[in-house]
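*Asks:* I'd like to ask some things about the structure below.
There are 2 protein chains.
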Amino acid sequence: MIVTEEKTNSELIYNGHIIKVFKDEVSLEGKKAIREVVRHKGAAAILAIDEHGDAYFVKQFRYPIGKAILEAPAGKIDEGEDPFDCAKRELFEECGITAKKWTELGPMFSSPGFCDEVIHLFAAQELSFANPDPDEDEFLDIIKIPLKEAYQSLVRGEIPDSKTQILILRGMDMVK
Amino acid sequence: MIVTEEKTNSELIYNGHIIKVFKDEVSLEGKKAIREVVRHKGAAAILAIDEHGDAYFVKQFRYPIGKAILEAPAGKIDEGEDPFDCAKRELFEECGITAKKWTELGPMFSSPGFCDEVIHLFAAQELSFANPDPDEDEFLDIIKIPLKEAYQSLVRGEIPDSKTQILILRGMDMVK
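As given, the protein sequences belong to chains E and F, one line each in that order. Counted from 1, the first sequence has number 173 at position 173 by the numbering used here; the numbering is strictly sequential. With the second sequence counted from 1, adding 1000 to any position gets you the numbering used here.
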């Protein structure tokens, strides 16, 4: 049985730059329960595939997990920004890529049990290349890999990022 | 260029039941930067497929996103618990399912830019069914859908949960 939870109180625990953290009280079948919620402005992520079937990824150090991993180009949505505009902006900033053909691959909630982050997924094809324009504090390598090799790496457990896994798996269906 | 970040200070902002939130200071190319980090104990999620190609999902209200969504059975890892044991436990608690055949599908980081949560993914086949044993505060519906229909729903954008998308896409590759 699905039970809707009504907010009865909300406490702002942390008002950060990237996340806000709330400790909310909800009413659940007449009982009180606590919900810890991380609120995030959302993001867009892109699978860019060229005419040879090569895909473009970025590798960057991720402090929360203490290592550098391969990921699809992605970034946070600016205040009021359309997710598609965000995708186009991030693909250019991180990889210097513009695309003539775009496909919406839908939204994904990264971890809806405690977080409202939604990542809007896109595929980009018919690519043109220029110099990237990264943020000042953004250090990353651009890595080109045949999509089919990326899929094999994923199956071996070597591409642990969730949005990147979904984009590679959806991309494999697109190029069949 | 990939740059490793070294922690120079760490402030515990919130020590919650499900998450811990830290505001850390790191050294990045000799400059100071702030990293907001959500730490989580990790989880396991399961794609259970029966001999007819039907898959078993749960639908439950997710307070952070304000609605009920379809998800793969999943749950948090108990202190010291092996991820595979967690997967077996959660599949039984949520769906009353035990399985003879298990396949590891690797880890996924839900959102490594600000969170260390890792979800260990598994497929379960050769299923047996009993009565579920949900947690006292867990309200969910069990929903059986042919895996191929779940894939079509995913493509239409109707299955937004990240772990569930990956499991369905990997499952489609398994049953080909």
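In this text, a Cβ means the ideal position worked out from N, Cα and C, and glycines have one as well. Computed from a predicted model, the values in this text were never measured in an experiment.
1. Taking only the alpha-carbon atoms, compute the straight-line gap between Ala-1123/F and Ser-1111/F and give it to the nearest angstrom.
2. Quick test of the definition: if touching needs 3 or more C-beta pairs under 8 Å, does the region 22-37 of chain E touch the region 1062-1070 of chain F?
3. Would DSSP call Arg-1156/F helix, strand or coil?
4. Identify, in the order they occur along the chain, each residue of the same chain with its Cβ nearer than 7 Å to the Cβ of Ile-77/E, setting aside the five sequence neighbours on each side.
5. For Leu-1140/F, which three-state DSSP category applies?
6. What's the C-alpha gap between Leu-12/E and Ile-1013/F?
7. Quick check: what's the CA-CA separation for Lys-31/E versus Glu-94/E?
8. Going by C-alpha distance, which of Gly-16/E, Phe-22/E, Arg-35/E, Val-21/E is nearest Thr-4/E?
9. Under 9 Å, Cβ to Cβ, is there at least one residue of chain E near Asp-1135/F?
10. Identify the contact partners of Asp-201/E in chain F, using a Cβ-Cβ distance below 8 Å as the criterion.
11. Sorted by chain position, which residues of the same chain lie with C-beta nearer than 6 Å to Lys-101/E's C-beta, five sequence neighbours on each side aside?
12. Just verifying my parser: in three-state terms, what is the DSSP assignment at Thr-1103/F?
13. Give the single residue among Ser-162/E, Asp-50/E, Asp-137/E, Ala-68/E whose Cα lies nearest to the Cα of Ile-119/E.
14. Could you check the C-alpha separation between Leu-1167/F and Ala-130/E for me, to the nearest Å?
15. I need the DSSP call for Lys-41/E, collapsed to helix, strand or coil.
16. Between Thr-1004/F and chain E, is there a C-beta pair that is closer than 9 Å?
17. Spell out the partners DSSP gives Asp-1024/F in its beta bridges.
18. Are the region 150-164 of chain E and the region 1048-1059 of chain F touching by the rule of at least three beta carbon pairs closer than 8 Å?
19. Name the DSSP bridge partner or partners of Phe-1061/F?
20. Please list, in chain order, all residues of the same chain as Ile-143/E whose beta carbon is under 8 Å from its beta carbon, the five residues on each side excluded.
21. Could you work out which residues of chain F lie near Ala-68/E, taking near to mean beta carbons separated by less than 7 Å?
22. Taking 9 Å as the cut-off, decide whether the C-beta atoms of Ile-1046/F and Gly-113/E are in contact.
23. Interface residues of chain F around Arg-89/E at Cβ under 9 Å?
24. Rounded to whole angstroms, what is the Cα-Cα separation between Ile-1049/F and Gly-16/E?
25. Is it the case that the Cβ atoms of Glu-90/E and Gly-75/E are separated by a distance below 9 Å?
26. Spatial neighbours of Lys-1067/F within its chain, please: CB distance less than 8 Å, with the 5 preceding and 5 following residues excluded, ordered by chain position.
27. Check each candidate in Pro-1073/F, Pro-1160/F, Ser-1128/F, Asp-1116/F and name the one with the smallest Cα separation from Ile-1097/F.
28. Pull up the DSSP beta-bridge partners for Leu-1127/F, would you.
*Replies:* This is what the structure holds:
1. 22 Å
2. yes
3. coil
4. Lys-41, Gly-42, Ala-43, Ala-44, Pro-83, Cys-86
5. coil
6. 11 Å
7. 48 Å
8. Arg-35/E
9. no
10. Past the boundaries of the shown model lies residue 201/E; chain E is included only from 1 to 176, so the question cannot be answered.
11. Gln-125, Glu-126
12. strand
13. Ser-162/E
14. 36 Å
15. coil
16. yes
17. Ser-1010/F, Arg-1035/F
18. no
19. Ala-1068/F
20. Tyr-56, Phe-57, Val-58, Lys-59, Leu-70
21. Ile-1002
22. no
23. Residues of chain F passing the Cβ test: none, with the nearest at roughly 17 Å.
24. 41 Å
25. yes
26. Phe-1061
27. Ser-1128/F
28. Ala-1099/F
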